[in-house]
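**Student:** Residue numbers (the numbering used here), protein chains in the order written: chain A, 7 to 284; chain B, 7 to 233.
Below is a structure I'd like to ask you about.
As structure tokens, then:
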């Protein structure tokens, strides 16, 4: 059982405690990604709406050009009123989420009170910064953090960069290879005071459009029944949106897209220019 | 030349035990008991900030009586041990028995080797999936571990409170009923305790993950018998 002198006591900081016990992360000394194919997780998005925030992430993980996993999850509860979504090297990212969740719980148990939402966001920023040596060796992790700030009664979003820079966003945040594509979709349609329904639909559309353009982002897999993980965080806490509900919304989205003029979207290429069958 | 005094080891141990017992007896007692939906822990504690009962892990709670700074140090060490174990192995691998044994080792070590024994008595309680799987490890200032069932009482007045509980306690009471029984036993025939004297927490058997729930003082009157 760990006991410390008052001068060495790590306080409520679990990461420091784990490090003192020899369980801290070790950065590789050479670039891993150049030598081995590392599994990467891609597009995640978070949107603020009237009651809080919605977070969403596709389910694909890739190693180079190979789909290494079709059903990984990238959106996790951090604690009751916040969530974290990951993009980047999947292994270190999962480890970071696990450590972050534990960090918040550990703080709460040791101190007997919760960190503020901003305190949680800063914690995650420190973890991203601590990962910088590993990021330089090809193991970058860039999460987004969102939660319901119970003291201010509003949803809040935080985006990070690879150095641990923490940027609070007012309306939406994205990360991953398809993040900027998804972000453009959200930017076009975002307005103040979205309802839960609209926010979930917007997240679905954003992920669909990102998957349409980015090979590392997975679209809805209707054959296997694999859909993005979507969760809402409100004053009632973190809550996953039901898979059946998401499937239903995708059907709606596909119907709407295919009923556009001309029986569908513009064909991307035409074989006729090559003088094919007449 | 002065001769060093010889003190028999029996006498040393007895003196230390008396010292610890006296320290513990100065504080107020605490009851932990099974009820229909889990385990309830009721402490006599006028403070709302200095807690005697707290969460260690998903299904494990800690309670201590005696000297606050000493049992609080033990509490934090327990949280650390549990979180480290769950982090390096799995959450399922964290159990009350192992924690209880670690506490016993430390208390035993301090009792025999340090200047003064810890003036504490602690409880590690784990709620099981069925009431038969509930566990109470009651650990004394000298490292003695007692594996108890149904209910357990910590503190200087434990025997009298236990005897009162023995008469009124029944299995599968609901929360309100079990609190009434526990509070009456803590108070005894000559006193009455109300919400401002009590700290109450439960381990909820049906919880998904973190089973520990504090019943805040503001909601406590709803669960206590009306006078």
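Glycine residues also receive a C-beta, built at the ideal position from the N, C-alpha and C atoms.
Below 7 Å between beta carbons is the criterion; list the residues of the segment 122 to 156 of chain A that meet it against any residue of chain B, in chain order.
**Tutor:** Taking 7 Å as the Cβ-Cβ cut-off against chain B, none of the residues of the segment 122 to 156 of chain A qualify.
**Student:** Am I right that residue 64 of chain B and residue 97 of chain B are in contact with their C-beta atoms under 8 Å? What's the rounded C-beta distance?
**Tutor:** Indeed, because the Cβ distance is near 6 Å, the residues count as touching under 8 Å.
**Student:** Would you list the one or two residues that DSSP bridges to residue 162 of chain A?
**Tutor:** Looking at the DSSP assignment, residue 162 of chain A forms a beta bridge with A:153.
**Student:** Compare the Cα-Cα distances from residue 187 of chain B to each of B:8, B:15, B:82, B:37 and report the closest residue.
**Tutor:** Among B:8, B:15, B:82, B:37, the Cα nearest to that of residue 187 of chain B belongs to B:37.
**Student:** Does DSSP put residue 230 of chain B in a helix, a strand or coil?
**Tutor:** Three-state DSSP puts residue 230 of chain B in coil, outside helix and strand.
**Student:** Is residue 84 of chain A close to chain B, meaning its C-beta is less than 8 Å from at least one C-beta of that chain?
**Tutor:** Closer than 8 Å: no.
**Student:** Give me the DSSP bridge partner(s) of residue 68 of chain A.
**Tutor:** Looking at the DSSP assignment, residue 68 of chain A forms a beta bridge with A:46, A:73.
**Student:** What does residue 61 of chain A pair with, by DSSP beta-bridge criteria?
**Tutor:** Per DSSP, A:52, A:237.
**Student:** Nearest to residue 42 of chain A by CA position, among A:145, A:157, A:198, A:138, is which residue?
**Tutor:** Of the candidates A:145, A:157, A:198, A:138, the one whose C-alpha sits nearest the C-alpha of residue 42 of chain A is A:145.
**Student:** Considering only residues of the same chain and omitting the five flanking positions on each side of residue 177 of chain B, which have a CB-CB separation below 6 Å?
**Tutor:** Taken in chain order, the list of residues that qualify is empty.
**Student:** Straight-line CA distance for residue 129 of chain B to residue 68 of chain B?
**Tutor:** Distance between the alpha carbons of residue 129 of chain B and residue 68 of chain B is about 6 Å.
**Student:** Would you call the segment 109 to 126 of chain B and the segment 134 to 148 of chain B touching, i.e. three or more CB-CB distances under 8 Å?
**Tutor:** Because the criterion of three Cβ pairs below 8 Å is met, the segment 109 to 126 of chain B and the segment 134 to 148 of chain B touch.
**Student:** List the endpoints of the continuous beta strand (DSSP E) containing residue 172 of chain A.
**Tutor:** Per DSSP, residue 172 of chain A belongs to the beta strand (DSSP E) from 172 to 175.
**Student:** Kindly say whether residue 87 of chain B, judged by its beta-carbon, lies nearer than 8 Å to any beta-carbon of chain A.
**Tutor:** So, interface residue.
**Student:** In chain B, which residues lie less than 7 Å from residue 116 of chain A when you measure between Cβ atoms?
**Tutor:** The answer, in chain order, is 82, 85.
**Student:** So, helix, strand or coil for residue 284 of chain A, using DSSP?
**Tutor:** Any reading at residue 284 of chain A must be qualified, since the residue scores a pLDDT of 46, below 50, and its modelled position is unreliable; the value itself is stated next. Looking at residue 284 of chain A - three-state DSSP - the assignment turns out to be coil, as it is neither helix nor strand.
**Student:** Quick one, which of B:189, B:179, B:180, B:183 has its alpha-carbon nearest residue 168 of chain B's?
**Tutor:** The shortest C-alpha separation from residue 168 of chain B is found at B:189.
**Student:** Quick one: Cα of residue 16 of chain B to Cα of residue 164 of chain B, how far?
**Tutor:** C-alpha separation (whole angstroms): 25 Å.
**Student:** Quick check on this structure: which residue in A:31, A:71, A:113 has the alpha carbon closest to the alpha carbon of residue 84 of chain A?
**Tutor:** Nearest option by C-alpha distance: A:113.
**Student:** Given a cut-off of 8 Å, decide if residue 62 of chain A and residue 266 of chain A are closer than it, judged by their beta-carbon atoms.
**Tutor:** For residue 266 of chain A and residue 62 of chain A, no; Cβs fall outside 8 Å.
**Student:** Is there a Cβ from chain A that is less than 8 Å from the Cβ of residue 41 of chain B?
**Tutor:** Closer than 8 Å: no.
**Student:** Spell out the partners DSSP gives residue 67 of chain B in its beta bridges.
**Tutor:** B:61, B:131.
**Student:** Residue 239 of chain A to residue 53 of chain A, Cα distance in whole Å?
**Tutor:** The alpha-carbon atoms of residue 239 of chain A and residue 53 of chain A are separated by roughly 10 Å.
**Student:** Determine whether the beta carbon atoms of residue 66 of chain A and residue 73 of chain A lie at a separation below 8 Å.
**Tutor:** Yes, they are a contact pair.
**Student:** Rounded to a whole number of angstroms, what is the C-alpha to C-alpha distance between residue 214 of chain B and residue 135 of chain B?
**Tutor:** If I take the Cα positions, the gap works out to 11 Å.
**Student:** Measure how close the beta-carbons of residue 108 of chain A and residue 93 of chain B come, nearest whole angstrom, since I'm counting them as under 8 Å.
**Tutor:** Between residue 93 of chain B and residue 108 of chain A the Cβ distance is about 6 Å, and since that is below 8 Å, they are a contact.
**Student:** Please say whether residue 152 of chain A and residue 138 of chain A have beta carbons closer to each other than 8 Å?
**Tutor:** Taking 8 Å as the Cβ cut-off, residue 138 of chain A and residue 152 of chain A do not qualify as a contacting pair.
**Student:** Can you give me, in chain order, the residues of the segment 46 to 80 of chain B that have a beta carbon less than 9 Å from any beta carbon in chain A?
**Tutor:** Cβ contacts with chain A: 55, 57, 60, 61, 62, 63, 79, 80.
**Student:** Kindly list, in the order they appear in chain B, the residues whose Cβ is closer than 8 Å to that of residue 8 of chain A.
**Tutor:** Ordered by position in chain B, the residues that pass the 8 Å Cβ test against residue 8 of chain A are 83, 86, 87, 90.
**Student:** Could you give the distance in angstroms between the alpha-carbon of residue 205 of chain B and the alpha-carbon of residue 50 of chain B?
**Tutor:** So the alpha carbons of these two residues sit roughly 6 Å apart.
**Student:** Count the other CB atoms within 10 Å of the CB of residue 169 of chain A; is the residue buried (16 or more) or exposed (fewer)?
**Tutor:** Residue 169 of chain A is exposed by the Cβ-count criterion.
**Student:** Excluding the 5 residues flanking residue 131 of chain B on each side, which residues of the same chain have their C-beta closer than 6 Å to its C-beta?
**Tutor:** Excluding sequence neighbours, residue 131 of chain B sits near 38, 45, 67, 142.
**Student:** Do the segment 251 to 267 of chain A and the segment 228 to 235 of chain A make contact, defined as three or more Cβ pairs closer than 8 Å?
**Tutor:** Result yes; three or more Cβ-Cβ pairs closer than 8 Å.
**Student:** If you check the beta carbons only, do residue 148 of chain A and residue 167 of chain A fall under 8 Å apart?
**Tutor:** Yes, the pair counts as a contact, with Cβ atoms nearer than the cut-off.
**Student:** For residue 196 of chain A, which residues in the same chain have their Cβ closer than 8 Å to its Cβ, ignoring the five residues on either side in sequence?
**Tutor:** If we look at residue 196 of chain A and ignore the five residues flanking it on each side, its Cβ neighbours are 53, 177, 178, 208.
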